[in-house]
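Here the protein sequences come in this chain order: A and B. With the working numbering applied, the first sequence corresponds to residues 1 to 86, in that order. With the working numbering applied, the second sequence corresponds to residues 1 to 402, in that order. These notes are about the structure you will find just below.
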Amino acid sequence: MEQGLSNALNVLIVGMATVFMILWLVVIIGNLIIRVTNKYWTDEDLKKSAPKSNHPSASKGAVAAIIAAVEIVTNGRGKVTKITKQ
Amino acid sequence: MDIFSKLFEMTAFGIVTYKTVIMWAIAFLLLFLGIKKKYEPLLLVPIGFGVLLANFPGADMGIVAAENIELPDGHYKNLFEIAHDYGILNYLYYALIKTGFLPPIIFMGVGALTDFGPMLRNLKLAFFGAAAQIGIFSVLIVSMLLGFTINEAASLGIIGGADGPTAIYTTIILAPHLLGPIAIAAYSYMALVPVIIPLVANLLMTKKEFKINMKQMDKLYPPKHQIKNIKTVKIVFPIVLGTVVAIFVPSSVPLLGMLLFGNLVKEIGSSTSRLAEAANGPIMNTATIFLGLSVGATMTSEVFLSPKTLGIVVGGFIAFAISIAGGIVAVKVYNLFAKKKINPLVGATGLSAVPMASRVANEVALKHDSNNHILQYCMASNISGVIGSAVAAGVLISLIGG
């Protein structure tokens with residue numbers, strides 16, 4: 001019984017240490033990926049490739065919604081190149 | 001007269017015992033909780049009906065112990081023989097559950113429904129998902145003192161992770177004979193999160209702590225880094241995290257790897273959206289049906305009506321409560337040293353029960369201050385709790401099952 005409890009105590013210590021270490025790694029990895037993408041692949045890069053609307057009143061949100069809708073409907077095959085008002 | 005005697009023998013009246021009736025009552029209770037009370041209906045309804053199927057006398061639908069399918073030379077019967085000798089539920093159990101197939105499949109669907117965004121925006125809160133795993137390991141020790149073997153105690157403790165598939169996966173490997181009661185306890189307590197979190201929080205938190213406003217704290221102490229391209233971060237994160245975790249805790253890969261794969265196909269977007277839809281729709285739904293029915297069918301009266309079941313019910317509750325308390329205490333300790341205070345309710349959501357734990361904590365915070373919306377902060381520790389409990393399961397399987 002004592003041997004079993006000693007094992008269980010070891011499992012508690014090793015287990016909690018491992019869980020904390022992995023979630024610490026999650027924090028490190030997350031921060032690292034955020035820094036790298038912020039430096040080398042910002043949203044501006046994406047915006048450059050985004051289509052421009054000829055209509056001045058079209059908001060960024062509306063353009064984003066149109067792009068998202070076209071992507072979903074065409075399963076990613078369609079691309080919005082130009083938005084004009086009829 | 002002879003024909004009446006044969007008719008009577010054909011029916012099950014002669015073999016219904018008081019134990020059968022008790023198991024029917026348990027099945028009806030589970031169905032009532034699932035259907036009427038809407039407590040985890042997607043699982044409690046199949047599990048409840050599985051219990052019913054397993055306890056129809058003469059139907060032979062209950063799951064048989066592994067000794068029955070073991071051959072003298074140490075090998076096992078093949079699936080055709082199992083289906084022939086013990087029926088379709090045993091076929092499903094030994095093909096899909098005993099092999100550990102379904103829990104990772106469900107985790108893939110969970111991954112396809114999970115958004116790591118809130119956690120990535122508040123990475124520091126991930127630590128509280130680690131603190132909330134303390135219930136798993138502390139109940140392991142308590143259960144051993146109550147007479148459970150270390151394998152059984154570990155399976156009981158994992159209920160504290162508040163994650164059904166993880167609890168089932170761990171129990172299949174460590175103590176398959178307790179699968180039914182442990183699965184029921186895990187899902188029942190997950191359904192009772194709206195009761196247990198406020199209960200533990202009221203015991204441990206002061207009124208001042210309930211009112212800590214996370215958004216105000218963010219304004220006072222803004223985060224150092226803003227994420228400029230969240231889509232790319234969300235795509236790279238599961239790939240890198242999966243690789244690193246696989247090196248440190250390989251035994252957590254079946255669960256965590258599938259979770260991260262499911263998440264990846266969701267985050268890639270339209271080009272893999274069909275895979276994500278399949279993972280979180282038809283595949284997960286099918287897996288849930290087979291998992292629920294098979295787990296329910298393990299609960300025959302011989303297995304369920306034993307003192308150990310009572311121990312599992314009590315122990316599971318303690319594991320759950322300690323895990324919530326662990327998260328709250330960790331935040332309280334953090335607040336002693338940090339300028340930027342965190343609402344301890346965020347720690348209470350370090351369990352895996354996503355997103356219910358976060359929703360409940362948010363409602364509790366709003367009761368104390370109608371402007372204090374803490375949902376996104378709770379989701380950060382809640383999602384990290386999913387990772388934490390999968391890692392905890394991996395540790396238990398490695399150290400005890402290995």
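From the three backbone atoms N, C-alpha and C, an ideal C-beta is built for every residue, glycine too.
Cβ-Cβ distance between residue i and residue j below 8 Å
{"i": "ILE97(B)", "j": "VAL295(B)", "result": "yes"}
{"i": "ILE121(A)", "j": "VAL245(B)", "result": "The structure shown does not extend to residue 121(A), since chain A is modelled only from 1 to 86, so the question has no answer here."}
{"i": "TYR94(B)", "j": "LEU79(B)", "result": "yes"}
{"i": "LEU259(B)", "j": "GLY111(B)", "result": "yes"}
{"i": "GLY161(B)", "j": "GLY326(B)", "result": "no"}
{"i": "ILE83(A)", "j": "VAL63(A)", "result": "yes"}
{"i": "ILE173(B)", "j": "GLY281(B)", "result": "no"}
{"i": "LEU186(B)", "j": "GLY316(B)", "result": "At residue 186(B) the sequence reads Ala, which differs from the Leu that was named. Yes, Cβ-Cβ distance for ALA186(B) and GLY316(B) is below 8 Å."}
{"i": "ILE35(B)", "j": "LEU156(B)", "result": "no"}
{"i": "GLY388(B)", "j": "ALA153(B)", "result": "no"}
{"i": "ALA27(B)", "j": "VAL45(B)", "result": "no"}
{"i": "MET119(B)", "j": "ILE383(B)", "result": "yes"}
{"i": "ALA132(B)", "j": "LEU345(B)", "result": "no"}
{"i": "PRO181(B)", "j": "THR309(B)", "result": "yes"}
{"i": "LEU305(B)", "j": "ILE22(B)", "result": "yes"}
{"i": "ALA8(A)", "j": "MET144(B)", "result": "yes"}
{"i": "THR407(B)", "j": "LEU29(B)", "result": "Given that chain B is displayed from residue 1 to residue 402, the structure contains no residue 407(B) and the question cannot be resolved."}
{"i": "MET61(B)", "j": "LEU53(B)", "result": "yes"}
{"i": "PHE320(B)", "j": "TYR189(B)", "result": "yes"}
{"i": "VAL331(B)", "j": "ILE342(B)", "result": "yes"}
{"i": "ILE22(A)", "j": "PHE248(B)", "result": "yes"}
{"i": "TYR91(B)", "j": "VAL64(B)", "result": "no"}
{"i": "PHE137(B)", "j": "VAL26(A)", "result": "no"}
Boundaries of the alpha helix (DSSP H) in which residue i is found, first to last residue
{"i": "PHE28(B)", "result": "18-35"}
{"i": "SER389(B)", "result": "375-396"}
{"i": "GLN216(B)", "result": "214-220"}
{"i": "TRP24(A)", "result": "2-40"}
{"i": "MET190(B)", "result": "179-191"}
{"i": "SER46(B)", "result": "Ser is not the amino acid found at residue 46(B); the sequence shown has Pro there. First-last of the alpha helix (DSSP H) with PRO46(B): 41-54."}
{"i": "MET61(B)", "result": "Run containing MET61(B): none; DSSP gives neither H nor E here."}
{"i": "THR166(B)", "result": "164-174"}
{"i": "MET205(B)", "result": "Where MET205(B) is concerned, there is no enclosing alpha helix (DSSP H), given that its DSSP letter is neither H nor E."}
{"i": "THR232(B)", "result": "230-248"}
{"i": "PHE13(B)", "result": "Unbroken run through PHE13(B): none, as it is neither H nor E."}
{"i": "ALA153(B)", "result": "150-157"}
{"i": "ILE141(B)", "result": "134-145"}
{"i": "ASN362(B)", "result": "356-368"}
{"i": "LEU347(B)", "result": "Inspection of the sequence shows that residue 347(B) is occupied by Gly rather than by Leu. Where GLY347(B) is concerned, the enclosing alpha helix (DSSP H) stretches over 345-348."}
{"i": "ALA126(B)", "result": "126-131"}
Assigned exposure category for residue i - 16 Cβ within 10 Å defines buried
{"i": "ASP163(B)", "result": "buried"}
{"i": "GLU267(B)", "result": "buried"}
{"i": "ALA348(B)", "result": "buried"}
{"i": "MET10(B)", "result": "exposed"}
{"i": "TYR40(A)", "result": "exposed"}
{"i": "MET1(A)", "result": "exposed"}
{"i": "GLU67(B)", "result": "exposed"}
{"i": "VAL73(A)", "result": "exposed"}
{"i": "GLU40(B)", "result": "buried"}
{"i": "LYS234(B)", "result": "buried"}
{"i": "GLY61(A)", "result": "exposed"}
{"i": "PHE4(B)", "result": "exposed"}
{"i": "ARG274(B)", "result": "exposed"}
Interface partners of residue i on chain A, CB under 9 Å
{"i": "THR349(B)", "result": "Correct list: empty, because the minimum Cβ distance to chain A is about 14 Å."}
{"i": "ILE141(B)", "result": "LEU5, ALA8, LEU9, VAL11, LEU12"}
{"i": "VAL245(B)", "result": "ILE22, LEU25, VAL26"}
Chain B contact residues for residue i, given Cβ-Cβ distances below 8 Å
{"i": "THR37(A)", "result": "ILE227, LYS228, ASN229, THR232, VAL233, VAL236"}
{"i": "ILE15(A)", "result": "A quick correction: the sequence has Gly, not Ile, at residue 15(A). Residues of chain B passing the Cβ test: GLN133, ILE136, PHE137, ALA392, VAL395, LEU396, LEU399."}
Partner residues on chain B for residue i, Cβ-Cβ distance less than 7 Å
{"i": "ILE33(A)", "result": "VAL233, VAL236, PHE237, VAL240"}
{"i": "THR42(A)", "result": "LYS228, ASN229"}
{"i": "GLY30(A)", "result": "LEU120, LEU123, PHE237"}
Interface residues of chain A facing residue i [CB-CB closer than 8 Å]
{"i": "VAL314(B)", "result": "The contacting residues do not exist; VAL314(B) stays about 18 Å from chain A at best."}
{"i": "PHE248(B)", "result": "THR18, MET21, ILE22, LEU25"}
{"i": "LEU92(B)", "result": "Neighbours of LEU92(B) on chain A: none; closest Cβ ~32 Å, over 8 Å."}
{"i": "ALA153(B)", "result": "ALA8"}
{"i": "GLY403(B)", "result": "Because chain B is modelled from 1 through 402, residue 403(B) falls outside the range shown and cannot be assessed."}
Chain A residues whose Cβ lies nearer than 7 Å to that of residue i
{"i": "ALA126(B)", "result": "LEU23, VAL26, VAL27"}
{"i": "GLY262(B)", "result": "Result: empty, since nearest Cβ-Cβ is about 17 Å, beyond 7 Å."}
{"i": "MET144(B)", "result": "GLY4, LEU5, ALA8"}
{"i": "ALA130(B)", "result": "VAL19, PHE20, LEU23"}
{"i": "SER384(B)", "result": "LEU23, VAL26"}
{"i": "ILE150(B)", "result": "GLY4, ASN7, ALA8"}
Beta-carbon neighbours of residue i, restricted to chain B and to distances below 9 Å
{"i": "THR84(A)", "result": "Ordered by position in chain B, no residue passes the 9 Å Cβ test against THR84(A), which lies about 23 Å from the chain."}
Exercise for review: Go through the segment 257-322 of chain B residue by residue and report every complete run of the alpha helix (DSSP H) that reaches 4 residues or more, in order.
Suggested key: 273-278, 284-297, 301-304
Exercise for review: Would you mind listing the alpha helix (DSSP H) stretches within the segment 73-119 of chain B that are 4+ residues and don't spill past its ends, in chain order?
Suggested key: 79-86, 88-92, 102-113
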